[in-house]
Amino acid sequence: MQQFQDEQQALDAVFKKLRKAFDQVNTTIEGYNDEYMNLKKYMVDYKAEMDKIEIFSNQQILQSIDRTGVAALKQRMQLQKLMDSAYFGRIDFVYDGESIDEAETFYIGKFSFTDEEGNICIYDWRAPVSSMYYDYELGPAAYEALNGAINGELIRKRQMNVEKNEIRYVLESSMNINDSILQGELSRTADERMKTIIATIQKEQNAIVRNEDAHTLVIQGVAGSGKTSIALHRVAYLLYKFKDQLSSDRVMIISPNKVFADYISTVLPELGEEPIREASLDLLAERVLPAKYAFSSLFEQTKRCIEQPESPFAKRVGYKSSLSFFAALQSYLEKTNTTLLQEKAITISEYEIPGSYIVNRFNASSNEPVMKRLEQTAEDMLSLIKAKRQGEIKLPSKNEVIKRLKKRLRFNDAFTLYKSFYEELGRQDDFVFKNKTLEFADVYPLLYCINYWEGIEIFDTVNHLVIDEMQDYSPIQYAVLQRLFRCKKTILGDFGQSLNPFTINDEHGFQEIFPSLQFVQLKKSYRSSYEIIEFAKRFLPENAIEAVERHGEEPAMLTYQTDEEQIDSIKQALQQFQKSGYKTYGIVCKTEAQATYIESVLQGFPINRINETSTSFTEGITLCSVQLAKGLEFDSVIVPFIDGGYQTDYDKGLLYIACTRALHRLTLLVSEQNKSPLL
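First residue of the sequence shown: 46, per our numbering; consecutive thereafter.
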């Protein structure tokens with residue numbers, strides 16, 4: 046009880062200082078606002094009397110007020126969040142060579158806070174000293190400072206729950222996964238936004254967050270392992286650590302869809318950072334691919350593959366998603382490289398330039414895009430003529446020479462080059478350009494060829510790229526991303542949740558594209574109850590996932606004979622949910638067609654249907670296909686239409702995704718007449 050009283054007294058003192066600092070910054074903001082508005086009014090009233098120098102000077106003052114005002118607003122936001130919850134942990138550390146009486150106390154919270162006397166009252170969770178809270182139990186400990194490792198002993202470690210100016214509880218803690226704070230977090234109900242996890246980051250997660258060295262960090266994390274949250278916390282850490290070199294507007298995340306992007310959108314702002322840029326493979330293609338090329342979406346491709354996994358379309362997607370396809374395209378371009386330009390002489394200003402010379406100069410810059418090589422070749426040809434023909438001669442322009450060289454090329458452009466690739470393989474039927482629209486599986490291979498032909502835009506304003514759902518992207522797509530983004534990368538996903546079973550499914554596949562990557566695994570799932578994870582294990586290889594000891598209800602498998610029985614079961618489940626204390630309920634179907642059917646027969650329920658055009662995730666009842674459920678979580682999940690249509694290894698993965706969306710309660714509706722061999 047004494048420890049509780051001591052901590053309450055400490056919080057009272059800190060909260061008083063926080064309140065004072067908050068009031069002071071509020072006054073400062075009001076002063077900036079008044080100063081800004083008064084100067085704006087002065088500039089309007091006396092515009093005619095001011096010369097250019099005074100106008101420029103006043104504009105500079107306005108910009109200065111604006112910058113300092115923005116900084117003050119950020120400070121006020123951080124102080125407000127600290128007043129909501131000042132900190133979550135405390136460690137007492139004795140430096141080597143000092144006595145226990147000289148132990149230093151560190152309170153760890155969302156942000157740092159220094160009082161008027163210059164005393165650090167709260168340490169940011171990202172500060173070097175704070176790493177000991179996540180990495181060590183009581184005993185020998187160390188942290189990295191600017192001058193190297195600081196060694197000593199951790200003699201106290203406390204976890205606490207703070208709400209405004211009240212201590213809810215204090216626990217003397219170790220790093221045991223079963224600690225009360227983590228268990229409390231895991232037992233919560235699901236929200237419509239992903240939450241920060243700074244109070245419960247585990248040791249293996251902390252190592253990923255604080256990894257500063259990896260140029261390309263690949264995180265293989267099972268469902269519910271916190272990989273997306275960890276990746277975002279890593280971004281927050283890097284923004285803190287390298288604030289002079291990295292800013293939020295220079296970080297981009299590639300997300301699977303708009304709903305998921307919305308779901309994770311509050312994590313970084315909650316950690317005091319500005320939102321980062323968001324994109325998808327579709328949006329990147331729209332920006333880089335010439336406007337004359339229309340293409341179907343990645344969503345449509347995935348939808349068709351799930352609905353018709355044995356169709357010619359799915360087989361085309363499978364082939365183009367493979368490492369062998371990528372290798373074949375690379376080999377074809379390498380072979381084409383030296384035979385691209387026909388060896389024919391060209392006469393310029395009555396001087397014949399041998400075809401062998403032209404081809405030799407063209408091949409001398411074989412690492413450059415074809416158009417760049419033509420430009421260099423044209424320059425070399427004109428220089429040759431100048432050297433051979435002394436005196437005044439009339440020469441054509443470089444562009445005119447390039448135009449003549451283009452006629453010697455075997456292909457007109459990157460598109461005809463790409464099309465010829467299939468002819469070379471004898472697989473012309475694998476390239477479908479119906480209604481002048483590319484299939485999505487052809488978009489990134491074509492971009493790869495465009496890069497070979499003329500080069501593509503480099504996103505040099507992005508200094509760190511996060512790629513989520515890594516298992517759904519193909520080698521050729523990664524190869525293009527590697528050319529678009531030369532920056533450091535955090536790549537994350539779960540091979541067990543692949544919606545594209547034909548693509549990279551292990552570490553070695555990534556090493557083909559990113560030779561210097563660092564690969565880490567997260568096998569422990571924190572989202573679902575022990576019972577749900579144990580059930581979901583049947584859909585994965587042995588020992589692929591570990592469950593946390595948070596127990597709940599056993600998953601329920603309800604059988605049905607007719608669609609009417611199945612719909613009645615869903616209605617009863619929804620009625621129970623509406624009476625429960627849960628916030629979110631997910632109806633996760635295998636296909637979009639199933640989701641559309643269920644939507645049509647559940648008109649009386651307030652259902653949020655997530656489809657390709659949806660942009661947000663909300664509380665209540667959500668209906669979606671499995672491809673749009675990835676990354677989301679619900680208090681309760683029901684999976685309908687489990688019948689003979691679920692039978693392949695691919696279907697196992699779809700069931701694994703659907704089942705692991707549930708935090709607390711999972712129900713499966715299983716056909717009695719058309720049974721699935723997977724159950």
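Glycine included, every Cβ here is placed at the ideal spot set by N, Cα and C.
Just so we're clear, the structure is a prediction, and the values are computed from it rather than from any experiment.
| Check | Outcome |
| --- | --- |
| Contacts around E420, its chain only, beta-carbon distance under 8 angstroms, and the 5 residues preceding and following it disregarded | K443 and I447 |
| Segment contact, 8 angstroms Cβ cut-off, at least three pairs: the region 691 to 701 with the region 655 to 664 | no |
| Spatially closest choice to R528 from I503, H509, K624 and V254, by CA coordinates | I503 |
| Option in K360, I145 and P335 with minimal Cα separation from A486 | K360 |
| Reduced DSSP secondary structure (H/G/I, E/B, other) of R808 | Given that the chain is displayed from residue 46 to residue 724, the structure contains no residue 808 and the question cannot be resolved. |
| Range of the contiguous alpha helix (DSSP H) that encloses C634 | Counting along the chain, C634 falls outside any alpha helix (DSSP H), though it belongs to the beta strand (DSSP E) covering T629 to C634. |
| Residues bridged to M602 [DSSP beta-bridge criterion] | L713 |
| Rounded straight-line distance, which links the Cα of S561 to that of Q522 | 18 angstroms |
| Alpha-carbon spacing of V682 relative to Q250, whole angstroms | 27 angstroms |
| Burial state of S300 (16 or more Cβ within 10 Å) | buried |
| Ordered list of alpha helix (DSSP H) runs contained in the region 392 to 461, each at least 4 residues | 400 to 409, 415 to 433 and 443 to 451 |
| Of the residues R238, I242, L277 and S270, the one placed nearest N256, counting alpha carbons only | L277 |
| Meets three-Cβ-pair contact criterion under 8 angstroms: the region 394 to 409 and the region 510 to 526 | no |
| Residue interval of the beta strand (DSSP E) (run including T150) | E149 to G154 |
| Inter-residue spacing [alpha-carbon to alpha-carbon] between T392 and L386 | 16 angstroms |
| Residues of its chain near S367, where Cβ-Cβ distance is below 8 angstroms and the 5 sequence neighbours each way are ignored | S519, P520, F547 and T548 |
| Under 8 angstroms between C-beta atoms of I351 and T636 | yes |
| First through last residue of the beta strand (DSSP E) which encompasses C704 | Counting along the chain, C704 falls outside any beta strand (DSSP E), though it belongs to the alpha helix (DSSP H) covering D694 to C704. |
| I165 - containing beta strand (DSSP E), residue span | I165 to D169 |
| Entirely enclosed alpha helix (DSSP H) segments - the region 235 to 301, minimum 4 residues | 248 to 254 and 272 to 286 |
| Proximity to L714 [Cα-Cα], best of C166, F679 and L603 | L603 |
| Chain-order list of residues whose beta-carbon lies under 7 angstroms from that of N223 (same chain, five-residue window excluded) | Legend: pLDDT at N223 = 42, less than 50; position of this residue unreliable, value from coordinates given subsequently. Cβ neighbours of N223 beyond the five flanking positions: E594. |
| Simplified DSSP state of N610, which is helix, strand or coil | The residue you asked about is not Asn; residue 610 is Glu in the sequence shown. Three-state result, E610: helix. |
| Nearest-angstrom Cβ-Cβ length linking C12 and I655, presumed shorter than 8 angstroms | Any answer about residue 12 is impossible in this case: the structure gives the chain only from 46 up to 724. |
| Assigned secondary structure, D137 (DSSP; H/G/I helix, E/B strand, else coil) | strand |
| Sufficient close CB pairs (3 or more, under 8 angstroms) joining the region 110 to 128 to the region 75 to 82 | yes |
| Cβ contact check for the region 303 to 318 and the region 474 to 490: 3 or more pairs under 8 angstroms | no |
| C-beta atoms of V267 and L567 nearer than 8 angstroms | yes |
| Boundaries of the beta strand (DSSP E) in which A190 is found, first to last residue | G184 to A190 |
| DSSP state of L316 mapped onto helix, strand, coil | coil |
| Exposure label - Q204; buried when at least 16 CB within 10 Å | buried |
| Cβ shell of G197 (< 6 angstroms), same chain only, five flanking positions each side left out | F138, V139, Y140 and D141 |
| Residue closest to F555, alpha-carbon to alpha-carbon, out of A638, T261, E143 and Q692 | T261 |
| heavy atom of the ligand PLP below 7 angstroms from F476 C-beta | This structure simply doesn't include the ligand PLP, nor any ligand for that matter. |
| Sequence-distant residues of the same chain with beta carbon closer than 6 angstroms to F564, five excluded per side | V263 and E552 |
| Pair within 8 angstroms by beta-carbon distance, I212 and Q53 | yes |
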